[in-house]
Each structure stands twice: as C-alpha cells, then as structure tokens.
Amino acid sequence: VQLVESGGGLVQAGSSLRLSCAASGSTFNIVAMGWYRQAPGLQRELVAGITKADGNTNYVDSVKGRFTISRDNAKNMMYLQMNSLKPEDTAVYYCHARTIMGTSLWGQGTQVSVSS
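Read the sequence shown against our numbering and you will find it ends at 163, with the numbers running on by one and no gaps.
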C-alpha cells in the first residue's frame, strides 16, 4: 500500500485547509487510517483516526470541533478538513494506515504552516 498526501500550505490563523490522502495498492488490507502530525522538536502525535468499515472517528482534544476526518472507500481516499487553524497547528502532517496484519504504513508528509 502506498499513501500520498496533498493539500498542505501556508495560511493565516483562522483559515481552513483540507488535506487529502490517496491510498493505492492492496488497499483491501487497510482496517483503519489516520492523520498524525509532527512539529519541530516534538513527538509525532495522532490528530484524528477513522476506521474503514464503520467510519468511527477519534480526535486529539486540541482539534475537536475544528478538524473533521472522513474517508471515501470507493475512491481509496481519506481527508482532514481543518478549520479555524491556529499557529500551534503548524506541523508536518502524515497520513497513516494500519493493515489487518497490524502493519503501519506512512505517507511522505505534507507541511502545514499557520501564521499569526
């Protein structure tokens, strides 16, 4: 499975961005996907996750009410709608997938920068 992110950029605080993750290859093995982010000097953290079968979602507290994760299984796509962006959301955002075998897969990352 290959994962490719797109949609990052430089925006002002209060703006919105939508990240996309395109999955290709043996996508039938994927059971859950998510978005992680890593800011300079900090550990990578889970921002939002979604299960493939039933679409159950979870979010880190700092983005609840502002970010929405979604998926389109027919297109093998996952999205992260980010509203009311804050400077502290600045990070490299990574698409992640977990397969039925327990394997973790990562995209190359996309930079999101939010200026104050």
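Think of the CB as a built atom: it goes at the ideal place given N, C-alpha and C, for glycine as much as any other residue. Since the model is a prediction, treat every value here as computed from it, not as a measurement.
Contact between K111 and M80 does not hold, since their C-beta atoms are separated by about 18 angstroms, which reaches or exceeds 8 angstroms. Sorting T146, Y140 and T150 by C-alpha distance to the C-alpha of T157 places Y140 at the top.
Here T150 carries a coil assignment [DSSP, helix/strand/coil].
The shortest C-alpha to C-alpha distance from N76 to any of S160, T150 and V161 is the one to T150.
Residue pairing by DSSP puts S162 in a beta bridge opposite Q59.
Around the beta carbon of M129, 16 or more other beta carbons lie within 10 angstroms, which makes this residue buried. Non-local C-beta neighbours of T137 in its own chain, meaning closer than 8 angstroms and more than five positions away in sequence, comprise A86, V159, S160 and V161, ordered along the chain. Going by beta carbons, Y126 and L66 fall inside the 8 angstroms limit. Its chain contains S71 and G72 as the residues whose beta carbon lies nearer than 6 angstroms to that of Q49, once the 5 sequence neighbours on both sides are disregarded; these appear in chain order.
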